[in-house]
Ligand code: DP6
């Protein structure tokens with residue numbers, strides 16, 4: 066695709082907010098060009114978002130170096146800028162015309178930066194949406210193609226592919242799910258019971274330390290993991306079981322799978338070489354308390370984890386009152402500084418913003 070001559074000198078700006086997501090069946094292990102070893106499915110979140118604006122200008126010709134400035138939370142950020150340059154380089158075969166553009170990017174997150182919350186999903190999906198919205202304007206396209214947005218997000222960060230859809234996203238080819246693909250995620254909002262549509266995710270920040278293993282390095286460790294093949298089979302089976310539970314509203318099966326997936330993710334890290342233990346004593350303490358609360362009060366709360374020590378507490382909206390008291394009295398004191406809970410819930414996906 067070449068930029069039409071009459072577009073040289075064109076200036077424009079676009080702004081998008083895009084959410085983070087929390088996986089229920091985890092993506093852990095990849096191959097080739099950012100393809101997942103198994104399918105994954107996630108809730109799109111509502112509060113944890115990146116807000117990115119892109120001001121662009123079409124240059125007379127392609128440049129050897131990408132022309133790009135990047136500000137994060139009001140300050141020029143060279144490490145993040147370099148990551149984006151690397152990303153643009155990696156998609157050069159698909160978007161060669163990016164070299165003919167002067168980019169000014171500004172981004173911020175709605176959640177505190179050093180909470181250990183994965184920001185790559187929201188950041189890369191917000192960036193991909195800005196880039197494709199710009200493409201729409203340069204090439205006079207009528208629509209922004211959501212599959213292309215998911216694909217470009219994926220090339221930035223695998224989990225980001227799922228963030229562009231409202232409510233839920235499913236990514237990764239599954240033999241028994243027709244429209245599933247390794248290239249991009251698919252929206253999964255229409256196939257789920259109402260109880261999941263306003264699920265809560267209270268994020269309990271146990272530690273704000275930088276992760277000792279990046280997710281990219283973590284995925285790579287799956288290549289030498291002796292349990293890897295079994296893991297991929299289990300994940301594909303868990304996908305089938307969870308989509309059935311999502312459809313019927315079977316919370317018992319949902320809880321069983323979600324907690325097993327979280328613990329399996331960490332078990333895989335613990336038995337990789339080198340091994341990583343990312344759980345902290347208070348993570349385990351909270352897990353015990355959550356399981357005991359569930360049993361004692363017959364309230365369907367469960368936990369999941371990312372590649373870090375923080376607990377995501379998942380529960381249906383109708384139990385908000387009881388769970389809020391439990392969080393305040395039992396879990397919050399175990400968080401970092403005794404006061405680190407982010408209240409989130411299932412959300413409606415990205416939005417284009419006005420200036
Ligand atoms: C544990 O999407 O952050 O959160 O593709 O290398 O950017 P890259 O990895 P990333 O991995 C996320 C792993 C996870 C599970 C999940 O979100 O499915």
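Numbering (this note's numbering), first residue to last: 66 to 420.
Glycine residues also receive a C-beta, built at the ideal position from the N, C-alpha and C atoms.
Quick caveat, the model's predicted, so the values are computed rather than measured.
Inter-stretch contact at 8 Å, needing at least 3 Cβ pairs: the stretch 95-104 / the stretch 384-391:
no
Can the beta-carbon of residue 399 be found less than 8 Å from the beta-carbon of residue 350?
Within the chain shown, the letter at position 334 stands for residue 399. Within the chain shown, the letter at position 285 stands for residue 350. It is a contact, given that the beta carbons lie within the stated cut-off.
So is residue 165 buried or exposed if we call it buried at 16+ other beta carbons inside 10 Å?
In the chain shown, the residue the question calls residue 165 occupies position 100. Its Cβ being crowded by 16 or more others within 10 Å, residue 165 is buried.
Might you give, ordered along the chain, the residues of its own chain that have their beta carbon closer than 6 Å to the beta carbon of residue 170, omitting 5 neighbours on each side?
Along the chain shown, read from residue 1 onward, the residue named residue 170 stands at position 105. Excluding sequence neighbours, residue 170 sits near 119, 135.
For residue 77, which of helix, strand or coil comes out of DSSP?
On the chain shown, position 12 is the one that residue 77 refers to. Looking at residue 77 - three-state DSSP - the assignment turns out to be strand.
Going by the beta-carbon positions, is the gap between residue 369 and residue 354 smaller than 8 Å?
In the chain shown, residue 369 corresponds to position 304, counting from 1. In the chain shown, residue 354 corresponds to position 289, counting from 1. No, these two residues do not count as a Cβ contact at 8 Å.
I'd like to know if the stretch 265-273 and the stretch 400-408 are in contact, where contact means that at least 3 CB-CB pairs between them fall below 8 Å.
yes
heavy atom of the ligand DP6 below 7 Å from residue 330 C-beta:
Here residue 330 is taken as the residue at index 265 of the chain shown, counted from 1. True, at least one ligand heavy atom lies under 7 Å from that Cβ.
Report yes if the C-beta of residue 224 is less than 7 Å from at least one heavy atom of the ligand DP6; otherwise report no.
Reading the chain shown from its first residue, position 159 is the one you call residue 224. Checking every heavy atom of the ligand DP6 against the Cβ of residue 224, one is found closer than 7 Å.
Hey, would you say residue 417 sits closer than 8 Å to residue 198, going by beta carbons?
Residue numbering aside, residue 417 sits at position 352 when the chain shown is read from its first letter. Residue numbering aside, residue 198 sits at position 133 when the chain shown is read from its first letter. Going by C-beta atoms, residue 417 is nearer than 8 Å to residue 198.
Coarse secondary structure for residue 120, derived from DSSP in three states:
Along the chain shown, one-based indexing puts residue 120 at 55. If DSSP states are grouped into helix, strand and coil, residue 120 belongs with the strands.
Does at least one heavy atom of the ligand DP6 sit under 7 Å from the Cβ of residue 93?
In the chain shown, counting from the first residue as 1, residue 93 sits at position 28. Answer for residue 93: yes, Cβ within range of the ligand DP6.
Check: residue 185 C-beta below 7 Å from any heavy atom of the ligand DP6:
Taking the first residue of the chain shown as 1, we reach residue 185 at position 120. It does: the Cβ of residue 185 is within 7 Å (strictly closer) of some heavy atom of the ligand DP6.
Nonlocal neighbours in the same chain, by C-beta distance under 6 Å from residue 212, ignoring five residues either side
As a first step, residue 212 is located in the chain shown; it is residue number 147 there, counting from the start. These residues qualify, in order along the chain: 249.
In three-state DSSP terms, what is residue 369?
Working through the chain shown from its first residue, we reach residue 369 at position 304. Three-state DSSP puts residue 369 in a strand.
Do the CB positions of residue 123 and residue 203 come within less than 8 Å of each other?
The sequence position of residue 123 within the chain shown is 58, counting from 1. The sequence position of residue 203 within the chain shown is 138, counting from 1. A contact, by the Cβ cut-off of 8 Å.
Using only the heavy atoms of the ligand DP6, determine whether one of them is closer than 7 Å to the beta carbon of residue 280.
In the chain shown, residue 280 corresponds to position 215, counting from 1. Yes - the ligand DP6 has a heavy atom lying nearer than 7 Å to the Cβ of residue 280.
Are the Cβ atoms of residue 121 and residue 168 separated by less than 8 Å?
Translated into positions along the chain shown, residue 121 becomes position 56. Translated into positions along the chain shown, residue 168 becomes position 103. Their beta carbons are under 8 Å apart, which means residue 121 touches residue 168 by this criterion.
Let me know if residue 420 comes out buried or exposed under the rule of 16 or more other beta-carbons within 10 Å of its beta-carbon.
Translated into the one-based positions of the chain shown, residue 420 becomes position 355. Under this definition residue 420 is an exposed residue.
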